[in-house]
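In the working numbering, the protein residues as written are 442 to 846.
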Ligand SMILES: Cc1cc2nc3c(=O)[nH]c(=O)nc-3n(C[C@H](O)[C@H](O)[C@H](O)COP(=O)(O)OP(=O)(O)OC[C@H]3O[C@@H](n4cnc5c(N)ncnc54)[C@H](O)[C@@H]3O)c2cc1C
C-alpha cells in the first residue's frame, strides 16, 4: 500500500490531521488499532468537549462522531481499523491487520497514538497486590463501555482529570467515593473538574497526602494513608486507615511511543522533540496530540492535529520550508515549553506550555538575546492547564526565552 501521508492513531488528533492533510490535496491513510475511530473520546460519555472547536458543549462520543462523519465522507482518506502499527522505519510502516502483516509506504507520517496511564507499578505503590486496584481510564472503560460496576467504597489516588471525572461518575452510579488523595500541593486536574466533580458531590480532596500502603488479600480491604513533607517523605504520625474495596489510580498519563523505542524523548513531556512544524529529527515524521504532550482539552488536540496535518501534507508535496533555527528555552517556572525550535521569519508563532507552580497576576515575557519581544498578563495560571502565548517572530534571531515576571 502506498500513500502521501500515513496517520498512526484515529483519535481526535489523527482524524483532524487527516482531514487537513486531505484538504491540502494529499492522499491519507489512517491506521487505528481499535475497531472504531474516536480514540479515548469513545469512553468519555460526560460533556465538556467541543466548546472551543465547535462552539457547543458535546460529550466525548458526540465530538468523535462529528469528526468520524467528516473522515468517512472524505474520498482522499482511507481508514484501516483493527489494524496496529508495529514498526516504523524510514518512510515505511509495518502493520498488523486481521488479514495479516502488510507494509505501508508513505512520504510523511503523523504520530497520533495518544497516551497511556501510569500504573501501580510505575509509582511503586506499597502494600499487597489484591484485586481492586485499577487505573481511572480502565475504570472508565469498564463502567461506561462494558457496563460493569467496579466497586462500592472507593479511594482515588491522584487528582488528574480522569480521576476527578470518575469520582463523579462512580458517585452517580451509587458508589461512595471517600476521598481523593493528592501527593502534591496542587491538583494536576482542571479547576472546573474539581468544582463540578468533587465539590458538587462533597468529595474531599486532600493535598500533600498519599497512600502509604494498600491492604487486602484477595480484594482491597482498605488503605493506610497520610501526609507527606515537601520532599514527599511520609509523615508516619499522620497515618490513618480508610476502609475501601477499590483504589483508583489517576497518577499521570504518558505518551504512548512504544513503536519508537529508540527515539530521543524529552523527559519533561515524555514525547518526542519537535520544531515549529511539529516535525521530529526525522523530517518525514511529525507528531501531535497526546502522544506529543498530554493535553487538557480535546479542542486543543484537534486544533494541533489540524496544523500538523497541513505541515505533513506540505512535506509530502515538497512544499514545507524551514529556515535558520531559533532555539527555545525557558525559566524554571515552566514544566515545559513547546515547540523546542522555531524558524526565523516574519509570521506569528504560538508557544504551548505548562507551568510548574501556580502563578497569580504575573507577566509572561518572551525575550530574544536579552531583548523583550512580547509580553502577556496572566491573572492566574495553574499546572493543570495548558497555556499558550502567540508572538510575532520578526526580529527574533538565534534564541528565544520565556520567563515569568
Ligand atoms: C479519561 C479522559 C477524560 C477526558 N476528559 C476530557 C474532557 O472532559 N474534556 C476535554 O476537552 N478533554 C478531555 N480529555 C482529553 C482528551 O480526550 C484527549 O486529550 C484526546 O482524546 C487526545 O486525543 P489523541 O488523538 O491525541 O489521543 P487518543 O484519543 O488517545 O487517540 C489515540 C488513538 O491511537 C490509537 N493507537 C495507539 N497506538 C496505535 C498503534 N500502534 N497503531 C494503531 N493505532 C494506535 C489508539 O487506539 C487511539 O484510538 C480526557 C481524556 C481522558 C483520557
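Using N, Cα and C, we set each Cβ at its ideal position, and we do this for glycine too.
- Straight across, the Cα-Cα distance linking residue 512 with residue 447 is about 14 Å.
- The three-state secondary structure of residue 667, taken from DSSP, is strand.
- The distance from the Cβ of residue 796 to that of residue 818 is about 15 Å, inconsistent with a contact at the 8 Å cut-off.
- Residue 736 has no beta-bridge partner at all, per DSSP.
- Taking the C-beta atoms as reference points, residue 502 is found no nearer than 9 Å to residue 629.
- Counting other Cβ atoms within 10 Å of its Cβ, residue 459 reaches 16 or more and is therefore classed as buried.
- Distances from the alpha-carbon of residue 769 to those of 466, 839, 710 put 839 closest.
- Per the Cβ contact rule, the stretch 464 to 484 is in contact with the stretch 751 to 761 (3 or more Cβ pairs under 8 Å).
- The nearest non-hydrogen atom of ligand 1 is 8 Å or more from the C-beta of residue 711.
- Judged by beta-carbon spacing, residue 525 lies within the 9 Å limit of residue 538, meaning their Cβ atoms are closer than that value.
- The stretch 548 to 560 and the stretch 731 to 750 touch, with three or more beta-carbon pairs separated by less than 8 Å.
- With at least 16 other beta carbons inside 10 angstroms of its own, residue 710 counts as buried.
- Under the Cβ criterion (8 Å, minimum of three pairs), the stretch 608 to 617 counts as touching the stretch 635 to 645.
- Within its own chain, the residues whose Cβ lies closer than 7 Å to the Cβ of residue 826, once the five positions on either side in sequence are excluded, are 631, 737, listed in chain order.
- Secondary structure note for residue 696: it is in no alpha helix (DSSP H), and the uninterrupted beta strand (DSSP E) holding it is 694 to 696.
- Contact between the stretch 679 to 692 and the stretch 570 to 584 is present: three or more C-beta pairs spanning the two stretches fall below 8 Å.
- In this structure, residue 798 keeps its C-beta atom at 9 Å or more from the C-beta atom of residue 784.
- At least one heavy atom of ligand 1 falls within 8 Å of the beta-carbon of residue 525.
- In its chain, beyond the 5 residues on either side, 698, 713 have a beta carbon closer than 7 Å to the beta carbon of residue 704.
- Distances from the CA of residue 682 to each of 668, 693, 695, 674 were compared; the closest alpha carbon is that of 668.
- Annotation for residue 809: 837, 841 place their beta carbon closer than 6 Å to its own, counting only its chain and skipping 5 residues before and after.
- Taking non-hydrogen atoms of ligand 1 into account, the C-beta of residue 792 is found less than 8 Å away from none of them.
- Residue 695 is a Cβ neighbour of residue 559, given a cutoff of 9 Å.
- In the three-state reduction of the DSSP assignment, residue 715 falls in the coil class.
- DSSP, reduced to helix, strand and coil, places residue 464 within a helical segment of the structure shown.
- Counting only residues of its own chain and dropping the five nearest sequence neighbours on each side, residue 500 has a CB closer than 6 Å to the CB of 486, 488.
- Taking 8 Å as the cut-off, the C-beta of residue 598 does not count as close to any heavy atom of ligand 1.
- Between residue 452 and residue 693, the beta carbon gap of about 19 Å keeps them out of contact (Cβ cut-off 8 Å).
- If you check the C-beta of residue 577 against ligand 1, you find a heavy atom less than 8 Å away.
- If you check the CB distance, residue 806 and residue 833 do not come in under 9 Å.
- One Cα belongs to residue 534, the other to residue 589, and the distance between them is close to 37 Å.
- Taking C-beta atoms as the reference points, residue 543 and residue 442 count as a pair closer than 9 Å.
- The beta carbon of residue 653 sits closer than 7 Å to those of 567, 665, 666, 667, 675, 680, all from its chain and outside the five residues before and after it, given in chain order.
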